[in-house]
Amino acid sequence: MNDPSEASDNEQSFKSDQSQINQVADEQPVNRSSKRLLRGWLLFALLIVLLVLLTVRDDLRQNAIESGENTINYIAFELFGWSPRDLFIWRLRVAGLLDSPLGQRWIHAVDRASDKPIQAGNQYHTNDTFEEDKVEAHIYQVTLERGEKLVWQLARLDTANSLLYASLERRKKKDEEWTTVTDLDANGDTKSRVISIAGDYRIVLQPELFAKVDYSLAMATGGSLLFPVDGAKQRDIGSIFGDPRDGGARKHHGVDIFAKKGTPITAVIDGVARTDTGGLGGKHIWLSGGMFGLGSARYYYAHLDSFAVESGDKVKKGDVIGYVGNTGNARTTPPHLHFGIYAGGPVDPAPFLKPEPRLPTDY
Ligand SMILES: [Zn+2]
């Protein structure tokens, strides 16, 4: 098939071309060195695939499903398993800096800051600086329950184009490793996230090596749903989730919000309301959102005095759907709304109903 002389001719001419282009004397036949180059690339590609497999983890995929924020970052997570910080670590490694004392100090800055995170509480704001001659990370931490909402606003106050790595991280329990929920932009936009997994959350900030960064960070936590009874507040919740019922035979799967008979009750989401009468709940409404009610929690409103909607009506968040009463097994108690949330089982509504998060305004 192959004429050896022709092949060697090709090799000759290629070699001479090559040596004309770059004047470097090459002892190896060129086709062998190009094979070697190809093999090098293949090895490199395999290494990348291996790294991707090692870095793409279940929890990252889970987070990608949880929220549509930062789509680009999620694609980076999903396809490459790398965050911008991971990329910077890769760059340190390539530059041979990773194992240097400085590289190690950069890598462990987050661990050092973890020992004394700043507790952000319900409302927090700071203006702070990373000095270029220090290797530091800053950590702002809160503990959140399912149904709470975290709001934040991160902005760069300097005009340098150095990199600031910023991420939202979570651990479910104290002894667990932290996992990245999403990377954050420092562009000053207000962002938020409804918490579907309870745990500790933290915003981690770290500039690249030798960068001076000035920033402003505001954070707030609160509830994620409108309060379902007009004019009522958290203090009107009289019986909490998990209280014993029927002498301990069952548990209270919701909260009771006390209000005058006839007080308007509002939809907490856009969705479809189904009304029914009878049973423990008396006049009650099931409100569900999402497509055909799938992929969404269901909200249960019980003991109504009367309905403001018909079964099957589409409603918007904030629409009045009924009025407080004491129907069903609430006949002998003062009028109240029993409000329940079901998402793969009953969920405590109280964190959802906390006052909405408000960023501090005095800065
Ligand atoms: Zn109740």
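For the sequence shown, the residue numbers in my numbering are 1 to 363.
Where a beta carbon is used, it is the ideal one built from N, C-alpha and C, also for glycine.
Consult DSSP for residue i and reduce its assignment to one of helix, strand or coil.
i: A166; result: strand
i: N122; result: coil
i: V110; result: helix
i: S34; result: helix
i: V94; result: helix
i: A249; result: coil
i: A137; result: coil
i: V268; result: coil
i: W82; result: coil
i: F307; result: strand
i: I407; result: The requested residue 407 is not part of the displayed model; the chain covers only 1 to 363.
i: A273; result: strand
i: N127; result: strand
i: G222; result: strand
i: L102; result: helix
i: G199; result: strand
i: G328; result: helix
Pop quiz: residue i and residue j are said to be a contact at Cβ under 8 Å. What is the actual Cβ separation, rounded to whole angstroms?
i: K260; j: D305; result: Between D305 and K260 the Cβ distance is about 10 Å, and since that is not below 8 Å, they are no contact.
i: T129; j: V52; result: With a Cβ gap of about 36 Å, T129 and V52 do not count as contacting.
i: Q206; j: V110; result: 6 Å
i: E148; j: K317; result: Actually they are not in contact, since the Cβ atoms of E148 and K317 sit about 18 Å apart, beyond 8 Å.
i: S167; j: V204; result: 5 Å
i: S100; j: T180; result: S100 to T180, Cβ: 25 Å. No contact.
i: L150; j: A186; result: Not confirmed; about 17 Å, so no contact.
Since residue i sits in a beta bridge, which residues does DSSP pair it with?
i: F227; result: DSSP lists no partner for F227.
i: I341; result: Y299 and V347
i: N187; result: A155
i: I257; result: I237 and L337
i: Q206; result: Y165
i: P244; result: K251
i: I285; result: T275 and Y301
i: K149; result: V194 and G222
Cutting at 7 Å between CB atoms, please list the residues of its own chain near residue i, excluding the five before and the five after it.
i: R105; result: V135
i: S162; result: P207, E208, A211 and V213
i: E356; result: G222 and G223
i: A120; result: Y140, Q141, V142 and M219
Spatial neighbours of residue i within its chain, please: CB distance less than 6 Å, with the 5 preceding and 5 following residues excluded, ordered by chain position.
i: P335; result: K261, V324, G325 and N326
i: W178; result: E169 and R171
i: D348; result: F241
i: L98; result: L92
i: E145; result: A198 and P351
i: G271; result: L287, S288 and G289
Who are the near neighbours of residue i in its chain, counting only those whose CB is closer than 8 Å to its CB and skipping five residues on each side?
i: D236; result: V229, I257, F258 and A259
i: P117; result: I139, Y140, Q141 and R202
i: A330; result: G282, A302, H303, H336 and H338
i: S311; result: A273, R274, T275 and D276
i: F88; result: L163, Y165 and E208
i: E132; result: F210, A211 and K212
i: T333; result: N326
i: P346; result: F241, H253, G254 and G340
Pick out every residue whose C-beta is nearer than 6 Å to a heavy atom of ligand 1: which are they, in chain order?
S239, H252, G254, D256 and H338
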